[in-house]
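In what follows, a single structure is set out as structure tokens and then discussed.
Residue numbers (the UniProt record's numbering), protein chains in the order written: chain V, 1 to 653; chain Y, 1 to 653.
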């Protein structure tokens, strides 16, 4: 029994035509993916060599040499290929397609006869296949390849890459299971679970779905699989500085997934796992698994998520810490983790049309994900702190993982290609369709072709997001068509207005779980206008969040704002926004600033340090505040003007 | 040319008779030192074995076996012996003296013919003597032994231990220097520098003073001595997890000591170094060195010291970080570092009678140092944070070095014996004498015998510190005597009053640099009364201290206060003290609480979390405050009632 779910529209059916997002997608196509290709081929000057393509060539017998890189180096090629798949699905590019076909030929040759595919083990430890699941990312790499293969197959219809993926899936299916000669274990880094469901969706071969379920169900069982394989391989460890084998919560293997109450450990692994859990729950109708998804979601978003949609409160283990522990300066808040959170949200949204999931998707997308990339598409953040004091970096080691400026490329290069594949596939997140209902989740300008039970409908969306809260829809169809258009009403909007063909609709009457359902027989050219006034929200955090007491964060529409040193001087910890008075915070669109952004200009005060001399502590001292004008910019746009202080949460007084 | 300095009175001349401190000293005599002896002999159940005495016995040829412990294990025995010396100097204890004599016999036998003394190298790497100064603490251990020897010799007049120390000093003097066959290096952990000056003081042999100066002057020279010896020993490292060789600032070897502008690196090393620098400057008249001391002092106390007199802002390297970086929760604030700060302050105070040095001495002593030990003398803090959220420990790794309860004994057992030796020698910190001037630095009840240029005078001090600001002095002398009694007026007191024989003296007229000079011909029985009203100070931190904006710390007299969960419930981050109104904060002496303490009872508010449900962030939300009564206890007394939250800095509103 499967759960009835909505499905995203195919990428090829959604053409993004958005002032804000088209530029990002163009950047991915024109800069990020080409740059990434150069990086994978070790042609980026000054960057650490990747060697990832070379590893495949050597494994394919096309070149000689030795494996170089991280144990999960293969996945960089897969993420590139996956992004290429999405780009090709939304627009032809014969040159790029030829490059990809060549890469696929190499990968095909690198695959073993039995379907095994992993250049690290092929070249470096051929006898040690599948002996260190806890640390060595074999299934993780397999999962990324499968995701790439599905994307490329969907885009091009070329089976070669899918065949490689199926052979790899079959190999894994042979090796893993509860049979007497099989391994009843699971990978330290979740990814295979969600990938196998994609392979199942495209092939309809149920064994891939069962295999995904098997991996989820084995996870966290007693006795520890990690310990078993650890002793079997004579206690050899791959990452001696970590203790992955024994720190089971790091990879969510501390209890069975169905029993997990809180989001623990490495944040990326956690959300990839949850995505797989939701996929399997939807496909199998496993309500217990779905309940676990809901529980982990609830814990994550109501106790362990930054206002920027970031997750992972600490550098150690790149991990969750404990409820309400959301330090702004020592945060990890990895770009990849927010991308994974979007995956998880998307899957939950398919299962239940609740705007909460889309709200979080939007929150992560407009803030942490695009904060992860510089305006020129060439530099990236791995860590997305909410407060930065650049001078402290390198001097106080609690913030040494933080960078005040985006970096060119990383030794462990997970985030840049993850941004690329997410942005390249953004069209998949805008609409879901279920029967005769089309859900609009994100307000991004596009033209979508929708099949309403056999009848072709074109929905043209125009959006002024994120600067103004206006989204307009026009239904283009040959003849009238009856279907429901369900529009998300974001939580940040308190005074939404909905007009259908100029007529105002009472939202109270049509809203369920944050979606406004417009059920009608549409005539060609019918128009819907959704007005979502964007007021500046002075957000406060739950009183249990220690870092945010007495502070506010400004949010307008989906965008969280921040103060930067470039606009407001240094020592941002001494800055206060004035408690709200009659006057409204002034928003202003500044064309020339950071590619054109809406700034928020607020009256503030600055605590002065004059008169302190060499005193460090004083009794009953007078303190002086000067009035200052504060300018907030969208968080995503920070750190594009050199190194400087930044803070999202600002004291209010 | 030496600088004219004041000298502390000998320990044997100061008998402490103080309600507050006598109990501590008794604890050291009756509990800490005996316990430490058991620990050194591996007889403490449940504690990691020390093996320190056994190492000496094996090195002495009295037992067989192998070395066990840290490379600096010897120093634990020395610190014990030093504390014993101080205890014997203030009160006979034949049994303890016999124990010590036996230990000295063993140490004497463990010493090599050439004077070398170190059980680690003797037993484990005899061929590697002096090859890894950066990491292996050979001179550090030597320094601690010399300090112990001087203390024991001063107490007992027995030369044997001093002879061992001199032979060791001579050995070092032969090995180190700028001669062609000598090593021109210095120890990674400063200690030998100050110890050699003690040896010089007791022997008047100038070579020890020169050797100390040599070590100071070599430090930080280019090219790096650490690198040189590192390559010479084929790049062998002792602590592979650290990078002591290259992180030169960690051990203050980044620039020559005279050029150092800021307090950097490992805080204990820094203050031990500064102590030695001040010692050498005083003895040699080296004003450049003295200027460096003043500069480092100024940087430390005006930009890098916690209000509790603690130093060391981070766990990484147990080190200073940067100016004004004083996080309360991730602080290192090691007990030993505050003890070293007291050493440094004492030396500076000898050079210049400025109350600032004694103020810091008092601040460190009454807060961090005694916070380091539990009320029963059996448990110790290494790290003394100013804010603790016990639930986060073990979950957020930025606070994993913090303990919410004192621990029995440590693998690296530096702090407990350091507390013991400081408290056992507390009498050395109360008075300094220079010519006909007696400086009273600390208000601790005692009877002191003072030699005023040949005339014996007894000064009887009675003090109600730290609970009330009253110190009374009676001069007991056979016949009248002219001398100056200089009394420190603490910075925390704004309305000090001074009465000599009942007559009020105008402080403005007699105060210089924080000392009130009473110059008179004293008659037998003359009395002085110093009234230092202790009001509750609401201290604020320099606006550049990010962690303390909007917060106050309560201080009364020398004591810094804190809120504990035991009195005020949990979630102390949600507690505010009411901004000062007409009503005074109420102090109350509570006999039954924590051995009898003065509490401060303040009106406060608590931010409530009701109504938040699953929300994590809200716009324009109403916040609710409830009035609460807050009880502050002295910081030193925290964590004696189980694990719970604590905070020194509290929000004010």
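C-beta atoms are modelled at their ideal positions from N, C-alpha and C, and glycine is treated no differently.
By Cβ distance below 8 Å, which residues in the same chain neighbour residue 578 (chain Y) in space, the five residues on each side in sequence not counted?
-> Translated into the one-based positions of the second chain, residue 578 (chain Y) becomes position 578. Counting only Cβ-Cβ distances below 8 Å, and skipping sequence neighbours, we find 602, 603, 604, 605, 652 and 653.
Would you tell me roughly how many angstroms separate the C-alpha atoms of residue 326 (chain V) and residue 400 (chain Y), rounded to the nearest one?
-> Stepping through the first chain from its first residue, residue 326 (chain V) is reached at position 326. Stepping through the second chain from its first residue, residue 400 (chain Y) is reached at position 400. Residue 326 (chain V) and residue 400 (chain Y): Cα-Cα distance of roughly 16 Å.
Tell me which same chain residues have a C-beta within less than 7 Å of the C-beta of residue 519 (chain Y), skipping the five on either side of it?
-> Residue numbering aside, residue 519 (chain Y) sits at position 519 when the second chain is read from its first letter. Only residues of its own chain outside the window of five on either side were considered, and among them 484 have a CB closer than 7 Å to the CB of residue 519 (chain Y), listed in chain order.
Return the CA-CA distance between residue 563 (chain Y) and residue 549 (chain Y), expressed in angstroms with no decimal places.
-> Stepping through the second chain from its first residue, residue 563 (chain Y) is reached at position 563. Stepping through the second chain from its first residue, residue 549 (chain Y) is reached at position 549. Looking at the two C-alpha atoms, the distance is approximately 18 Å.
Mind checking if residue 382 (chain V) is an interface residue toward chain Y, Cβ cutoff 8 Å exclusive?
-> Within the first chain, numbered from 1, the residue matching residue 382 (chain V) stands at position 382. Chain Y contact via Cβ: absent.
Please confirm whether residue 238 (chain Y) and residue 136 (chain Y) have their CB atoms less than 8 Å apart.
-> The residue labelled residue 238 (chain Y) in the question sits at position 238 within the second chain. The residue labelled residue 136 (chain Y) in the question sits at position 136 within the second chain. Yes, they are a contact pair.
Three-state secondary structure (DSSP) of residue 208 (chain V) = For the purposes of this step, residue 208 (chain V) is taken as residue 208 along the first chain, with counting starting at 1. Of the three classes helix, strand and coil, the one that applies to residue 208 (chain V) here is helix, per DSSP.
Test: residue 577 (chain Y) CB closer than 8 Å to a CB of chain V = The residue labelled residue 577 (chain Y) in the question sits at position 577 within the second chain. False, the Cβ-Cβ gap to chain V never drops below 8 Å.
Helix, strand or coil for residue 589 (chain Y), going by three-state DSSP, please let me know.
-> Mapped onto the second chain, residue 589 (chain Y) falls at position 589. Note: residue 589 (chain Y) maps to strand in three-state DSSP.
Might you give, ordered along the chain, the residues of its own chain that have their beta carbon closer than 7 Å to the beta carbon of residue 213 (chain V), omitting 5 neighbours on each side?
-> Translated into positions along the first chain, residue 213 (chain V) becomes position 213. Once the five neighbours on either side are set aside, the close Cβ partners of residue 213 (chain V) are 280 and 284.
Apart from the five residues on each side of it in sequence, which residues of its chain come closer than 8 Å, Cβ to Cβ, to residue 7 (chain Y)?
-> For the purposes of this step, residue 7 (chain Y) is taken as the residue at position 7 of the second chain. The residues are 350, 432, 433 and 434.
Taking the alpha helix (DSSP H) that residue 34 (chain V) falls in, what are its first and last residues?
-> In the first chain, counting from the first residue as 1, residue 34 (chain V) sits at position 34. That run of the alpha helix (DSSP H) goes 33-40.
Evaluate the contact criterion for the segment 185-196 of chain Y versus the segment 265-281 of chain Y: three or more CB pairs, one atom per stretch, below 8 Å.
-> yes
Could you give the C-beta distance for residue 295 (chain V) and residue 261 (chain V), rounded to a whole number, given that I count them as a contact under 8 Å?
-> Numbered from its first residue, the first chain carries residue 295 (chain V) at position 295. Numbered from its first residue, the first chain carries residue 261 (chain V) at position 261. That belief holds up - the Cβ atoms of residue 295 (chain V) and residue 261 (chain V) are roughly 6 Å apart, short of 8 Å.
Between which two residues does the alpha helix (DSSP H) harbouring residue 340 (chain V) extend?
-> Along the first chain, one-based indexing puts residue 340 (chain V) at 340. Looking at the DSSP string, the run of the alpha helix (DSSP H) that includes residue 340 (chain V) is 335-351.
Output, in sequence order along the chain, the residues in the segment 530-542 of chain Y whose CB is closer than 7 Å to any CB in chain V.
-> Residues of the segment 530-542 of chain Y with a C-beta less than 7 Å from any C-beta of chain V: 537, 538, 539, 540, 541 and 542, listed in chain order.
Name, please, each residue of chain Y whose Cβ falls closer than 8 Å to the Cβ of residue 301 (chain V).
-> Residue 301 (chain V) sits at position 301 when you count from the first residue of the first chain. The contacting residues are 616.
Using alpha carbons as the reference points, say which of V:591, V:166 and V:436 lies closest to residue 454 (chain V).
-> Position 454 of the first chain holds residue 454 (chain V). Residue V:436 is the option with its Cα nearest to residue 454 (chain V).
With 16 as the cutoff for other CB atoms within 10 Å, does residue 309 (chain V) come out buried or exposed?
-> If you number the first chain from 1, residue 309 (chain V) lands on position 309. Buried, since its Cβ has 16 or more Cβ neighbours within 10 Å.
Residues bridged to residue 448 (chain Y) [DSSP beta-bridge criterion] = Position 448 of the second chain holds residue 448 (chain Y). Beta-bridge pairing by DSSP links residue 448 (chain Y) to Y:14 and Y:459.
By Cβ distance below 6 Å, which residues in the same chain neighbour residue 357 (chain V) in space, the five residues on each side in sequence not counted?
-> Counting from 1 along the first chain, the entry for residue 357 (chain V) is found at position 357. Result list for residue 357 (chain V): 345, 348 and 349, in chain order.
Tell me where the beta strand (DSSP E) around residue 171 (chain V) begins and ends.
-> As a first step, residue 171 (chain V) is located in the first chain; it is residue number 171 there, counting from the start. Here residue 171 (chain V) belongs to no beta strand (DSSP E); instead the alpha helix (DSSP H) covers 160-175.
Using DSSP with H/G/I as helix, E/B as strand and the rest coil, what is residue 612 (chain Y)?
-> In the second chain, counting from the first residue as 1, residue 612 (chain Y) sits at position 612. Three-state result, residue 612 (chain Y): coil.
Alpha carbon to alpha carbon, what distance is there between residue 444 (chain V) and residue 535 (chain V)?
-> Along the first chain, read from residue 1 onward, the residue named residue 535 (chain V) stands at position 535. Along the first chain, read from residue 1 onward, the residue named residue 444 (chain V) stands at position 444. Linking residue 535 (chain V) to residue 444 (chain V) through their CA atoms gives a straight-line distance of about 19 Å.
Quick one: give me the first and last residue of the alpha helix (DSSP H) that residue 499 (chain Y) is part of.
-> By one-based count along the second chain, residue 499 (chain Y) stands at place 499. Secondary structure note for residue 499 (chain Y): it is in no alpha helix (DSSP H), and the uninterrupted beta strand (DSSP E) holding it is 497-500.
Residue 307 (chain V): contacting residues in chain Y (beta-carbon distance under 7 Å) = Counting from 1 along the first chain, the entry for residue 307 (chain V) is found at position 307. Per Cβ cutoff of 7 Å: 617.
Burial state of residue 645 (chain V) (16 or more Cβ within 10 Å) = Start at 1 with the first residue of the first chain, and residue 645 (chain V) comes out as number 645. Label assigned to residue 645 (chain V): buried.
Which one of Y:543, Y:290 and Y:428 has the shortest CA to CA distance from residue 342 (chain Y)?
-> Residue 342 (chain Y) sits at position 342 when you count from the first residue of the second chain. Answer by Cα proximity: Y:428.
So, is the C-beta of residue 656 (chain V) closer than 8 Å to a C-beta in chain Y?
-> Absent from the structure is residue 656 (chain V), since the part of chain V shown begins at 1 and ends at 653.
What residues are listed by DSSP as bridge partners for residue 25 (chain Y)?
-> Here residue 25 (chain Y) refers to the residue found at position 25 of the second chain. Paired residues: none, contrary to the question.
Partner residues on chain Y for residue 654 (chain V), Cβ-Cβ distance less than 9 Å = With chain V covering 1 to 653 only, the question about residue 654 (chain V) has no answer from this structure.
Please list the segments of the alpha helix (DSSP H) lying wholly inside the segment 89-134 of chain V, counting only runs of 4 or more residues, in order along the chain.
-> Complete alpha helix (DSSP H) runs here, min 4: 94-110 and 119-123.
Given that residue 608 (chain V) touches chain Y, what residues does it touch there, using C-beta distances under 9 Å?
-> Walking along the first chain from the start, residue 608 (chain V) turns up at place 608. By Cβ distance, chain Y contributes 543.
What whole-angstrom Cβ distance do residue 450 (chain Y) and residue 457 (chain Y) have, given they're in contact under 8 Å?
-> On the second chain, position 450 is the one that residue 450 (chain Y) refers to. On the second chain, position 457 is the one that residue 457 (chain Y) refers to. Indeed they touch by this definition, with Cβ atoms about 5 Å apart.
State the beta-bridge partners of residue 562 (chain V) as determined by DSSP.
-> Reading the first chain from its first residue, position 562 is the one you call residue 562 (chain V). Residue 562 (chain V) pairs with V:633.
Tell whether a beta-carbon distance below 8 Å holds between residue 513 (chain V) and residue 278 (chain V).
-> Translated into the one-based positions of the first chain, residue 513 (chain V) becomes position 513. Translated into the one-based positions of the first chain, residue 278 (chain V) becomes position 278. The answer is no: Cβ separation not under 8 Å.
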